[in-house]
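Numbering (our numbering), first residue to last: 1195 to 1558.
We put the CB at the ideal spot given by N, CA and C, even for glycine.
These figures come from a predicted structure and were not determined experimentally.
For reference, the structure discussed in these notes is given below.
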């Protein structure tokens, strides 16, 4: 019995070590991953003229031993991400250890390929199909497609909080309903302080509510992998009344990222809105999501924006507010500014009194 206990003890202590060794990345795997990442940068990075410099700097970091002591796959991905962001000042770079996602993506591609082949083959007896759930859409629905709050504040000022720009075919009814709800307000606040970005052309569709029906060049974009420049316009038709000639305030923070910044930047430089809050993240580039190998995915910036007014974008500099304030003070500042504008435009002293009473409640 004693001998059996000893054997079991040895086995139990060996199992964690075995599991740990299976999670250890080898030097050869690191070299292969770095080489593949450099190849992706060379053919995809939005600034073709800088791709070589980025790869040289990554080589230098590798040769200096920056990654030598790392044995964990996840930590290696984080270290590569940090180094690429340091080199480029572009926060879109991301190397992520996610073998399960890669397996899932490959399985989906194989399934799609089989379904494509079977569709061209002679028809077979139908078999019951299991309904597949689009989990991305399901999660978006749980959060009202990124529009958690729409209300009319005291003083007849609209407020729309947007935390993500979901695909337009999902969110268009929500945008139409939100803009319809605030259509009779005298001023509007759009809160992007927690918005992490999203999908084109949802931003230009929302922006279209603040332009007349004539399509306006919203943004141009250069796609490095294809070498093509694409022009994006506002929509000639929207699902409701447009919000014209009334004050608009857009709240941003250091957490406002990518497409949220695009919306704020474009509205600012078309003189459609007053920007309130902190300088935003400064992430202007769009990305491709590629597989490095069996273990790592690589998010690489492939597309840059060109605004028709500024001829540039907000990469690394962020969207600069017209009224600078801390994130937790941005809403109050915009609300007070909206009330001040209404006081200035008021036609009767009763209106002025009402707006001043609201300001007093806000502590002003």
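By a C-beta neighbour count over all protein chains shown, 10 Å radius and 16 as the cutoff for buried, is residue i buried or exposed?
i, result
"residue 1221", "exposed"
"residue 1259", "exposed"
"residue 1505", "exposed"
"residue 1303", "exposed"
"residue 1353", "buried"
"residue 1503", "exposed"
"residue 1549", "buried"
"residue 1333", "exposed"
"residue 1169", "Beyond the ends of the chain as shown, which are 1195 and 1558, falls residue 1169; an answer cannot be given."
"residue 1146", "Any property of residue 1146 remains undetermined from this structure, which presents the chain solely from 1195 to 1558."
"residue 1395", "buried"
"residue 1337", "exposed"
"residue 1194", "Lying before the first or after the last residue shown, residue 1194 is absent from the chain, which here runs from 1195 to 1558."
"residue 1367", "exposed"
"residue 1542", "exposed"
"residue 1242", "exposed"
Measure the alpha-carbon distance for residue i versus residue j and round it to whole angstroms.
i, j, result
"residue 1465", "residue 1440", "12 Å"
"residue 1471", "residue 1306", "46 Å"
"residue 1278", "residue 1248", "8 Å"
"residue 1544", "residue 1500", "47 Å"
"residue 1529", "residue 1264", "50 Å"
"residue 1301", "residue 1511", "40 Å"
"residue 1267", "residue 1275", "13 Å"
"residue 1209", "residue 1217", "Legend: pLDDT at residue 1209 = 41, less than 50; position of this residue unreliable, no value from coordinates given."
"residue 1553", "residue 1357", "27 Å"
"residue 1513", "residue 1533", "24 Å"
"residue 1360", "residue 1456", "14 Å"
"residue 1228", "residue 1298", "23 Å"
"residue 1171", "residue 1270", "Limits of the chain in this structure are 1195 at one end and 1558 at the other, which puts residue 1171 out of reach."
"residue 1342", "residue 1410", "29 Å"
"residue 1325", "residue 1309", "Below a pLDDT of 50, predicted positions are generally treated as unreliable, and residue 1325, at 49, falls in that range; no measurement from the model is reported."
"residue 1422", "residue 1232", "22 Å"
"residue 1273", "residue 1403", "43 Å"
"residue 1236", "residue 1424", "22 Å"
"residue 1536", "residue 1379", "11 Å"
"residue 1384", "residue 1296", "37 Å"
"residue 1293", "residue 1246", "28 Å"
"residue 1556", "residue 1371", "28 Å"
"residue 1348", "residue 1527", "15 Å"
"residue 1460", "residue 1509", "13 Å"
"residue 1200", "residue 1391", "Low local confidence applies: a pLDDT of 39 at residue 1200 is under 50, so the model's placement there is unreliable, with the coordinate-based value given in what follows. Their backbone Cα atoms lie some 57 Å apart in a straight line."
"residue 1211", "residue 1219", "Residue placement at residue 1211 is flagged as unreliable, the pLDDT there being 36, under the threshold of 50; the coordinate-derived value follows with that caveat. When rounded, the distance between both Cα atoms is 14 Å."
"residue 1492", "residue 1482", "8 Å"
"residue 1346", "residue 1373", "11 Å"
"residue 1489", "residue 1496", "22 Å"
"residue 1484", "residue 1415", "20 Å"
"residue 1498", "residue 1419", "12 Å"
"residue 1244", "residue 1417", "15 Å"
"residue 1335", "residue 1524", "27 Å"
"residue 1458", "residue 1362", "18 Å"
"residue 1387", "residue 1515", "12 Å"
"residue 1283", "residue 1393", "23 Å"
Does residue i come out as helix, strand or coil in the three-state DSSP assignment?
i, result
"residue 1240", "coil"
"residue 1517", "strand"
"residue 1438", "coil"
"residue 1399", "helix"
"residue 1217", "coil"
"residue 1492", "strand"
"residue 1300", "helix"
"residue 1346", "strand"
"residue 1259", "coil"
"residue 1535", "helix"
"residue 1557", "coil"
"residue 1291", "strand"
"residue 1498", "strand"
"residue 1483", "strand"
"residue 1391", "coil"
"residue 1569", "Absent from the structure is residue 1569, since the part of the chain shown begins at 1195 and ends at 1558."
"residue 1448", "coil"
"residue 1417", "strand"
"residue 1341", "coil"
"residue 1522", "helix"
"residue 1505", "coil"
"residue 1510", "coil"
State the beta-bridge partners of residue i as determined by DSSP.
i, result
"residue 1468", "1443"
"residue 1383", "1353 and 1443"
"residue 1427", "1411"
"residue 1331", "Paired residue(s): none; residue 1331 is not in a bridge."
"residue 1266", "1218"
"residue 1422", "1417"
"residue 1359", "1392"
For the segment 1420-1438 against the segment 1475-1490, do three or more pairs of beta-carbon atoms, one drawn from each stretch, fall closer than 8 Å, so that the two count as touching? no
Answer yes if the segment 1441-1451 comes into contact with the segment 1517-1525, meaning at least three C-beta pairs across the two stretches below 8 Å, and no otherwise. yes
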